[in-house]
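First up is the structure itself, then whatever we jot down about it.
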Amino acid sequence: MIAKSMEGYVKGSSAIRAMFEEGARLAKIYGKENVYDFSLGNPNVEPPDEIKQSLIDILESEEPTFVHGYMNNAGYEDVRNTIAQHLNKLHGTQFTEKNILMTVGAAGGLNVTLKTLIDPQDEVITFAPYFGEYRSYAANYGAELVVIPPNIPTFQPDLNKLEENITPKTKAIIINSPNNPTGVIYSEDTIKKIAGILTSKEKEFGTDIYLIADEPYRELAYDGQ
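First residue of the sequence shown: 4, per the numbering used here; consecutive thereafter.
Structure (structure tokens):
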């Protein structure tokens, strides 16, 4: 018998994944070209030839025991350094490889972060509408997900509600900008006000509240925002 908690996860499994599986089933019946799957955001164009060639070069030039062996937990140092320098160039920061931790996708990164921060009965705040898996990620470590409604029609977070819902149990806040599913980008004013609220609440409760920025769509923000 599987764990009762896992039974609950299965019953409430991701609607996005269910849509993906249904799309795959229908594609077998009606042909892939006749099914338009907008669930997981898989690419619909081939990657640049340089990507393919880079993978070939690695396999041909690196020692096989290196390619197929373990790396250190944080990821390859040269890769982390390259990413740090890229971020520094974009944002004027001063990161080094010591500030970078490689994970298998954003879901892995969020789970590592929450596992590092969360104790059972802690609270994690996020803003609606939100990526549905956040609730599962918080539950993985015994935390409650507290959802703050948006201001409509702007879909910027309702900061009054945020302030009201921060408690001594609040350990982290997840922001997702550009947002999935609305595409809304939180304004600079919104970000500064969130920072001010967190600073004030930390002083009030004598706690640390971590701001987790989930930004997988950052490179899809256009119009100079």
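All C-beta atoms in this analysis are idealised placements derived from N, C-alpha and C, irrespective of residue type, glycine included.
For clarity, every value in this text was computed on a predicted model and none was experimentally measured.
If you measure between the beta carbons of Tyr147 and Glu126, is that distance less than 8 Å?
Mapped onto the sequence shown, residue 147 falls at position 144. Mapped onto the sequence shown, residue 126 falls at position 123. Before going on, a small fix: residue 147 reads as Glu here, not Tyr. Their beta carbons are under 8 Å apart, which means Glu147 touches Glu126 by this criterion.
Look up Ala109 in the DSSP assignment and say whether it is helix, strand or coil.
Numbered from its first residue, the sequence shown carries residue 109 at position 106. Correct three-state label for Ala109: helix.
Beta-carbon proximity list for Thr106, same chain, < 7 Å, skipping 5 on both sides
The residue labelled residue 106 in the question sits at position 103 within the sequence shown. Cβ neighbours of Thr106 beyond the five flanking positions: Gly112 and Val115.
Helix, strand or coil for Val187? Go by DSSP, reduced to three states.
Numbered from 1 along the sequence shown, position 184 holds the residue referred to as residue 187. In this structure, Val187 counts as coil in the three-state DSSP scheme.
Alpha helix (DSSP H) segment containing Ile177, residue limits:
Residue 177 sits at position 174 when you count from the first residue of the sequence shown. Looking at the DSSP string, Ile177 is not in any alpha helix (DSSP H); the run it does join, the beta strand (DSSP E), is Thr173 to Asn179.
Quick check on Phe134: buried or exposed, where buried means 16 or more other Cβ atoms within 10 Å of its Cβ?
Stepping through the sequence shown from its first residue, residue 134 is reached at position 131. Classification of Phe134: buried, given that the 10 Å Cβ count is 16 or more.
For a quick check, are the C-beta atoms of Thr129 and Phe158 less than 8 Å apart?
In the sequence shown, the residue the question calls residue 129 occupies position 126. In the sequence shown, the residue the question calls residue 158 occupies position 155. Taking 8 Å as the Cβ cut-off, Thr129 and Phe158 do not qualify as a contacting pair.
Would you check if the distance between the CB atom of Thr68 and the CB atom of Ala87 is smaller than 8 Å?
For the purposes of this step, residue 68 is taken as the residue at position 65 of the sequence shown. For the purposes of this step, residue 87 is taken as the residue at position 84 of the sequence shown. Against a cut-off of 8 Å, the Cβ pair of Ala87 and Thr68 comes out as no contact.
How is the alpha helix (DSSP H) around Leu93 delimited, first residue to last?
As a first step, residue 93 is located in the sequence shown; it is residue number 90 there, counting from the start. Element bounds for Leu93: Glu80 to His94.
Whole angstroms is fine: what's the gap from Ala224's alpha carbon to Val82's?
Locating residue 224 in the sequence shown gives position 221, where the first residue counts as 1. Locating residue 82 in the sequence shown gives position 79, where the first residue counts as 1. So the alpha carbons of these two residues sit roughly 25 Å apart.
Please confirm if the stretch 183-202 is in contact with the stretch 88-95, defined as three or more CB-CB distances below 8 Å between the two stretches.
no
Whose C-beta lies closer than 6 Å to the C-beta of Leu214 among residues of the same chain, with five residues either side of it excluded?
As a working note, residue 214 is residue 211 in the sequence shown. So the list reads Ile176, once near-sequence residues are dropped.
Helix or strand or just coil, what does DSSP make of Glu24?
Position 21 of the sequence shown, counted from the start, is the residue given in the question as residue 24. In the structure shown, Glu24 sits in a helix (DSSP, three-state: H, G or I).
Let's test the definition: count the other Cβ atoms within 10 Å of the Cβ of Ile178 and tell me whether it reaches 16, buried, or not, exposed.
One-based indexing of the sequence shown puts residue 178 at position 175. So Ile178 ends up on the buried side.
Mind the definition here: the stretch 24-38 touches the stretch 49-68 only if three or more C-beta pairs lie below 8 Å; say whether that holds.
no
For Ile128, does the three-state DSSP call read helix, strand or coil?
Against the sequence shown, residue 128 aligns to sequence position 125. Residue state, collapsed to three classes: strand.
I need the straight-line Cα distance from Val70 to Glu25, nearest angstrom please.
Taking the first residue of the sequence shown as 1, we reach residue 70 at position 67. Taking the first residue of the sequence shown as 1, we reach residue 25 at position 22. So the two alpha carbons sit approximately 36 Å from each other.
In its own chain, which residues sit with a C-beta less than 8 Å from the C-beta of Gly108, not counting the 5 before and 5 after it?
Locating residue 108 in the sequence shown gives position 105, where the first residue counts as 1. None.
Hey, how far is the Cα of Leu117 from the Cα of Tyr144?
For this step, residue 117 is matched to residue 114 along the sequence shown. For this step, residue 144 is matched to residue 141 along the sequence shown. Taking the straight line from one Cα to the other gives about 7 Å.
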